[in-house]
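Chains as they are written, first to last, in this note's numbering: chain A, 6 to 301; chain B, 499 to 863. C-beta: ideal position from N, C-alpha, C; glycine also.
As structure tokens, this is what we get:
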């Protein structure tokens, strides 16, 4: 037997304590580091232009004013129009919500078919769908533009919805397939004998099981679609642009003075929905990502 | 009466691999057929084929006189109970049981009536509002059976339904399934790898190995007249003793000469056996070897054997010895006078002996 008596217990605990505080210090340092840009953005957006010019970048605002937020929301100029982010924000909402829901639904259906109905070529089909995840956006721009033109959807929000749905199917199928593959195949067999059809089994048995993965997929898809710039700038025209494109235009259309406070407020407004979704549903996101290990 | 289920020349291939070869079985209404065999013998595949969950490669399946070619599982008038229970996780027990009726558009009042009946039968009436995750293994098993019972099908299919239960519960549920079968007089096909389950439940057993039927018969037939060495070894616990022996004929009958460790060869005589090859495997169940002072049959042969090990098992004591180069088990009384390491006179009941061809393994008598 080994003799551990020569280890002093107090010595060990002091060492642990020091290590622990060192760990906290490192964590605090990194938290500070990551929070700094947000801090600068928020404080700058609450300052007046006068104060930005005279004060320091990281100082707190002397007089808190929401003027920049109001301007960013309803009267900031992009190009020749001065209507703020508001119309574009709603463009993004009517684009993102249907695109997220449709792509999530199709992904669920695909994942269910590929994972639970092992038809001939199911794995090949899944591999091909998965391949779609790895095609860079830039590659499909021209063919997609042509397709949208032929369908009469060029420059319209439904066109953008379609693009995002198609692009999202690869990922959503992957998420749902990996979730459904952990569910024992006997469930489908039992339901088949009970007389349920392909869609009946999907709606009555699999969809109700899928809440964790639906949340994951919605967060993922919403973040992707809301934050997308390339498709937004390529397939929209004046009036149908999503908020990301409008933000870019506002920041880039300067008349004389650069309005940092308005730019910062606009950026925060544009980013707020994804931030909100993550704060509200973030714990489901983490939970859902590990949900595969839980029995169905 | 026409058989309720008939399998004619059924075969199943995965690519070039034969999973099932030329399966011919038929059962009458009210029979309890058990498909038994080691894992990978194709018994579960066969059950899935009967259910229509796996396509077949050849032959035919006839249920109650109707050919099942191109008939989907829901139209076969069958119900199935799975090893993993396959309960719908998000539905309550009641909804699990009535789901099939709901899908088929059965009248609500009738659904409720059938649900109540089945719930009472299986004593799950207090669990109807729970979800499967809130149930114990045995309760889940009952719900799975309830889902099958409520269908009132022509044929019940069970796929290793007791394998996920602990030993005590398994024995209880086994008895319950048997009672259920007697009460309903239903036709059942039951898959298991557990030969005790097969023996206790079946009215007819099909022993399978490598996708080929080894023997079909009643439990008694399978037990006392195994068709080959595989069946002899697989069915029964402890397994049948399979002792290599040399055959010699003389005026009194056929003599079997068995090598006896460090002692004179053991010679057993059977007056009835004839036409045996020179080398055979002699099969005898442990209970057919007994204490010569206690066991008395017409054709007992007594021989002295060296007992190596004694294993008391409560009701019996098993004596192990080395005969013909293999370990041989004899089932003795619990209060036996045998002593490990000492020889003992044992009597072999030659009426119950099976002879197998040493090369092909086929039964000879």
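- Exclusion of the five residues before and after residue 714 (chain B) leaves 704 as the residues of its chain whose Cβ lies within less than 6 angstroms of its Cβ.
- Taken in chain order, the members of the segment 596-612 of chain B whose beta-carbon sits within less than 9 angstroms of a beta-carbon on chain A are 597, 598, 599, 600, 601, 602.
- Between the segment 849-858 of chain B and the segment 780-791 of chain B there are three or more C-beta pairs closer than 8 angstroms, enough to call the two in contact.
- For chain B, the residues of the segment 187-208 of chain A that bring a beta carbon within less than 7 angstroms of one of its beta carbons are 189, 191, 192, 194, 195, 197, 198, 199, 200, 201, 205, in chain order.
- Among the CB atoms of chain A, none fall inside 8 angstroms of the CB of residue 810 (chain B).
- Near chain B, meaning a CB-to-CB distance below 8 angstroms, the residues of the segment 212-231 of chain A are 213, 214.
- Buried is the label assigned to residue 566 (chain B), since at least 16 other Cβ atoms lie within 10 Å of its Cβ.
- One alpha carbon belongs to residue 749 (chain B), the other to residue 760 (chain B), and they sit about 29 angstroms apart.
- Neighbours of residue 510 (chain B) in chain A, taken as residues at a C-beta separation under 9 angstroms, are lacking, since the least C-beta distance is about 16 angstroms.
- For residue 79 (chain A), the uninterrupted alpha helix (DSSP H) run begins and ends at 72-79, by DSSP.
- The alpha helix (DSSP H) runs lying completely inside the segment 598-672 of chain B and spanning 4 residues or more are 606-619, 635-647, given in chain order.
- The count of Cβ pairs closer than 8 angstroms, one atom from the segment 549-556 of chain B and one from the segment 508-519 of chain B, reaches three, so the stretches are in contact.
- Going by DSSP, residue 814 (chain B) is part of no alpha helix (DSSP H) but of the beta strand (DSSP E) stretching over 814-821.
- With fewer than 16 other Cβ atoms from the protein chains shown falling within 10 Å of its own Cβ, residue 291 (chain A) counts as exposed.
- Burial is judged here by how many other beta carbons sit within 10 angstroms of a residue's own beta carbon; residue 225 (chain A) has at least 16 and is buried.
- A residue is called buried when at least 16 other Cβ atoms come within 10 angstroms of its Cβ; residue 68 (chain A) does not meet this threshold and is exposed.
- For residue 706 (chain B), DSSP records a beta bridge to B:711.
- In this structure, DSSP gives residue 551 (chain B) a state outside helix and strand, which the three-state scheme calls coil.
- With respect to the 8 angstroms criterion, residue 180 (chain A) and residue 134 (chain A) are not classified as neighbours on the basis of their beta carbons.
- Annotation for residue 516 (chain B): the continuous beta strand (DSSP E) segment containing it runs 515-525.
- For residue 127 (chain A), the closest alpha carbon among the candidates A:254, A:178, A:106 is that of A:178.
- Within 9 angstroms of the CB of residue 210 (chain A), the CB atoms of chain B belong to 586, 587, 588, 589, 597, in sequence order along the chain.
- No residue range can be given for residue 585 (chain B), since it is assigned to no alpha helix (DSSP H) and is classified by DSSP as neither H nor E.
- Per DSSP, the continuous alpha helix (DSSP H) segment holding residue 96 (chain A) begins and ends at 91-121.
- Excluding five sequence positions before and after residue 736 (chain B), the CB atoms of its chain that fall closer than 6 angstroms to its own CB belong to 784, 827, given in chain order.
- Taking one beta carbon from each stretch, the segment 168-177 of chain A and the segment 108-123 of chain A have 3 or more pairs nearer than 8 angstroms; the two touch.
- For residue 247 (chain A), no beta strand (DSSP E) encloses it, and the DSSP letter there is neither H nor E.
- Taking the C-beta atoms as reference points, residue 685 (chain B) is found nearer than 8 angstroms to residue 654 (chain B).
- Counting along the chain, residue 508 (chain B) sits inside no alpha helix (DSSP H); it lies in the beta strand (DSSP E) bounded by residues 503-512.
- Between residue 254 (chain A) and residue 83 (chain A), the CB-CB gap stays under 8 angstroms.
- Within the segment 554-572 of chain B, contact with chain A at the beta-carbon level (separation under 9 angstroms) is assigned to 570, 571, 572.
- Between residue 250 (chain A) and residue 238 (chain A), the beta carbon gap of about 5 angstroms places them in contact (Cβ cut-off 8 angstroms).
- Closest option to residue 123 (chain A), judged by alpha-carbon separation, among A:191, A:103, A:102: A:191.
- Distance from the CA of residue 610 (chain B) to the CA of residue 666 (chain B), rounded to the nearest whole angstrom, comes to 33 angstroms.
- Within the DSSP bridge table, the entry for residue 800 (chain B) names B:845 as partners.
- Pairing residue 506 (chain B) with residue 557 (chain B) gives a Cβ-Cβ distance under 8 angstroms.
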